[in-house]
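Take a look at the structure below.
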Amino acid sequence: MAQTADDTSLRQAFRPMTNPSLTTRGCRWISVPGAADARGQVNFLAFDDRLGFVPKRLFWLHHIAPGQWRGRHGHRESHLVTLLLNGSCKLHLDDGKVKETVLLDDPSQAVHIGPVVWHELTDFTPQAVILVIASTLYDEAEYLRDYETFKRVAAGRLT
Numbered sequence: 059m060a061q062t063a064d065d066t067s068l069r070q071a072f073r074p075m076t077n078p079s080l081t082t083r084g085c086r087w088i089s090v091p092g093a094a095d096a097r098g099q100v101n102f103l104a105f106d107d108r109l110g111f112v113p114k115r116l117f118w119l120h121h122i123a124p125g126q127w128r129g130r131h132g133h134r135e136s137h138l139v140t141l142l143l144n145g146s147c148k149l150h151l152d153d154g155k156v157k158e159t160v161l162l163d164d165p166s167q168a169v170h171i172g173p174v175v176w177h178e179l180t181d182f183t184p185q186a187v188i189l190v191i192a193s194t195l196y197d198e199a200e201y202l203r204d205y206e207t208f209k210r211v212a213a214g215r216l217t
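Position 25, counted from 1, in the sequence shown is what this note's numbering calls 83; the numbers after and before it change by one each time, with no gaps.
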């Protein structure tokens, strides 16, 4: 099949990641492959070594009220992959020593968040949809919801 000008312009819509490398311990960018043609775009993420874990749970965030946040906790053992499907938001990461904020605005880029990383999502656009892939089933005891407790646990991991 011959490539058209429309195909070329759609491929150019897959822009390179504009966020810098992550410096928060246990966090990294994951490139999500995709393709585009005149019909639209598709991205795909295989559950292979790229994730670094076998997924046990998926959940998604949507219709988030203006000014609200999601997350604002850490996990003792869980790994997460956070992937923006639509819109944009900010992801704040904190490993107890390094804090950084990145913009999620590209469905071809996901963030792997390792254990004992405080994370919070803010500044959602009205149409934002975020998919989270987790390495564990839900277990409330696995959450670090108090920031002071999180800092103590994180300090133990950093030494």
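Cβ atoms here follow ideal geometry from the backbone N, Cα and C, with glycine treated the same way.
Please read all numbers here as calculations on a predicted model, not as lab measurements.
| Candidates L138, R83, H121, A199, of which the one nearest A186 by Cα | H121
| Alpha-carbon spacing of Y201 relative to A93, whole angstroms | 36 Å
| field | Selected residue, minimal CA-CA separation from V160, among R210, G154, S166, L149 | value | In terms of CA proximity to V160, L149 leads the group R210, G154, S166, L149.
| task | Work out the CA separation of G172 and H137 for me, nearest whole Å. | result | Rounded to whole angstroms, H137 to G172 spans 5 Å at the Cα level.
| said: Between F102, W127, W176, D107, which has its C-alpha nearest L141's C-alpha? | reply: F102
| DSSP three-state call for Y196: helix, strand or coil? | coil
| said: Just to confirm before moving on: does the CB-CB distance between G154 and W176 stay below 9 Å? | reply: yes
| When the Cα atoms are used, what is the spatial distance from A104 to D95? | 21 Å
| message | If you measure between the beta carbons of V90 and H133, is that distance less than 9 Å? | response | no
| message | Between the alpha carbons of V169 and G214, how many angstroms are there, rounded? | response | 24 Å
| Buried/exposed call for P78, threshold 16 Cβ in 10 Å | exposed
| message | If contacts are defined as beta-carbon pairs under 8 Å, then T82 and E158 qualify, I think. What distance do you get, rounded to the angstrom? | response | 6 Å
| query | How big is the Cα-Cα spacing for L189 and Q167? | reply | 12 Å
| Looking at the structure shown, is V156 part of a helix, part of a strand, or coil, going by DSSP? | Coil.
| What residue from R115, R130, G98 has the CA that sits closest to T207's CA? | R130
| Pick from A212, I191, R210 that is closest to P113, judged by C-alpha positions | I191
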